[in-house]
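Okay, so here's the structure we're looking at.
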Amino acid sequence: MVFETAFQYLSEAFTYTSSELILVLLLAVFIDLIFGEPPSAVHPVVWIGKLIGFLKSKAPKKYRKAYGIMMALTVICFSVLLAVAVVLISHHEYMPYAVGILTQAIFLKATFAIKCMVQPAKEIQQKLDNDIETVRKELYTYVSRDTSKLSKSQIISAVIESISENYVDAMLTPVFFYVVFGPLGLPAAYLFKAASTLDSMVGYKSEKYLHLGWFSAKFDDVLNWIPARLSPIFIAVGAGFSNFMVGDLEKLSPIDGFKLAMKEHKITPSPNSGWPMAAAAGALHIRFDKPDSYIIGNEYREPEASDITRVSTLIILTSVITAIAAVLAIILIWYAASLI
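Each residue of the sequence shown is one higher than the one before, starting from 2 at the first, in the working numbering.
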């Protein structure tokens, strides 16, 4: 009897309408664009990061791969259960509908970060002409490369690469999982966010993390595989709309971005990052140069400071277009389901 009651409660809690899924998503995007990130104390991803940090500090010297797998599964389970709890509370009979929608939207917003993707880049752009040494030091925490000897154009390249790559991880993939999994969309988005946070904290190929972060890095690659390959389409559409927003700056080329993504997506060591990076490089007609690693768009010019503004406009518009496409996908999926 207890199990039947619990099952019935869960079934009711995870019974969504398409309008509810859409409202939650649109409100989450609105919160992100207007307010940005919540305070660290109440940020779910910060909680996930603290759990990873604690488990990482307890990692043994032996059996690190096995421990890394258990650590990842623990963090993923915690994150999914957190999202499940949010859904259950939001759908409780005593919870007002509007408050439940807002609660879910706040937690969904924590899985992506449109405004946060471009804000650090703007700050770096403002300092480029006056204090390049400080920029090199600050950039070290923003990108995964030695920044001490980077030229100005290489600094700009690193910033733009990071923004374009983060579009997949910080927007497209969590929204993709939210849409594809429907009523289980919020837990699915948190599953991905847990994997992504694990990858960012332990998914390195250094001696220290090679075994500990092996599973986290591989799992993150798997989850991003489809969204990364969809990203050139969204970036191309975003580039087309960006041309109405960049003012006197050089216009973008949607077709060249898509073509370069098809041609040079394999240049980067990562199986996924090359897709959005090449799409952005082609759309902007600039060259990405990571010393001793890769060059994307070798036929184009070196990036300039103004290109940070161009790519920021591109990624913000592409993220908004992603949200609109997600709404349309939810409507189509629900319509198709009604015909079955």
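Glycine included, C-beta positions come from ideal geometry on N, C-alpha and C. Just so it is clear, the structure is predicted and the values come from calculations on it, not from any experiment.
Measure from the alpha carbon of residue i to the alpha carbon of each residue in the options, then state which is nearest.
i: S320; options: K150, F193, F113; result: F113
i: A279; options: S165, V85, I325, A327; result: S165
i: A84; options: K260, W48, A171; result: W48
i: M72; options: L231, G241, G204; result: G204
i: D130; options: A306, I256, I331; result: A306
i: F31; options: A106, N225, A99; result: A106
i: K260; options: A281, G248, T135; result: A281
i: I234; options: P277, W226, G248; result: P277
i: E300; options: L24, G241, S145, G258; result: G258
Rounded to whole angstroms, how far is the Cβ of residue i from the Cβ of residue j, which I believe are closer than 8 Å?
i: R302; j: L250; result: Incorrect: roughly 14 Å between the Cβ atoms, too far for contact.
i: F108; j: V81; result: Not really, about 12 Å apart at Cβ, beyond 8 Å.
i: P292; j: I157; result: Between I157 and P292 the Cβ distance is about 14 Å, and since that is not below 8 Å, they are no contact.
i: A229; j: V169; result: 5 Å
i: L213; j: A60; result: 6 Å
i: V238; j: I341; result: Actually they do not touch by this definition, with Cβ atoms about 30 Å apart.
i: I309; j: Q126; result: 4 Å
i: V144; j: A159; result: 5 Å
Whose C-beta lies closer than 7 Å to the C-beta of residue i among residues of the same chain, with five residues either side of it excluded?
i: E38; result: H44, A114, C117
i: K110; result: A29, I32, D33
i: K153; result: L129, I133
i: S91; result: G101, T104, Q105
Give every residue of the same chain whose Cβ lies closer than 6 Å to the Cβ of residue i, excluding the five residues on either side of it in the sequence, and list them in chain order.
i: W335; result: S19
i: D200; result: S217, A218, D221
i: S243; result: L253, T314, L315, L318
i: M1; result: Residue 1 cannot be examined here, being either before or after the span of the chain that is shown, 2 to 341.
i: K206; result: none
i: A190; result: T112, P175, F178, Y179
i: F193; result: T174, P175, F178, L224
i: Y210; result: V203
Please return the same chain residues whose Cβ sits closer than 8 Å to the Cβ of residue i, not counting the five positions on each side in sequence.
i: I53; result: M72, V76, T198, L199, M202, V203
Does the CB of residue i have a neighbour CB from chain D at under 8 Å?
i: A281; result: Here chain D cannot be found, since the structure has a single protein chain.
Exercise. Please determine if the segment 269 to 280 and the segment 114 to 131 are in contact, where contact requires at least 3 C-beta pairs separated by less than 8 Å.
Key: No: fewer than three Cβ pairs fall under 8 Å.
Self-check item: Length at least 3, wholly inside the segment 45 to 75: the beta strand (DSSP E) runs in chain order
Solution: Counting whole runs of 3 or more residues, the segment 45 to 75 contains no beta strand (DSSP E) stretch at all.
Exercise. Take every Cβ of the segment 124 to 140, pair it with every Cβ of the segment 51 to 67, and state whether three or more of those distances are shorter than 8 Å.
Key: The segment 124 to 140 vs the segment 51 to 67: no contact.
Quiz item: At what residue ranges does the segment 155 to 241 contain a whole run of the alpha helix (DSSP H), taking only runs of 4 or more?
Solution: Correct list: 174 to 181, 186 to 203.
Exercise. Output the residue ranges of the alpha helix (DSSP H) runs that lie fully inside the segment 106 to 143 and measure 4 residues or longer, sorted by chain position.
Key: Listed in chain order, they are 115 to 128, 133 to 140.
Quiz item: In the segment 232 to 305, which residue ranges form an unbroken alpha helix (DSSP H) of at least 4 residues, counting only runs that do not cross its ends?
Solution: Fully enclosed alpha helix (DSSP H) runs of 4 or longer: 255 to 265, 275 to 285.
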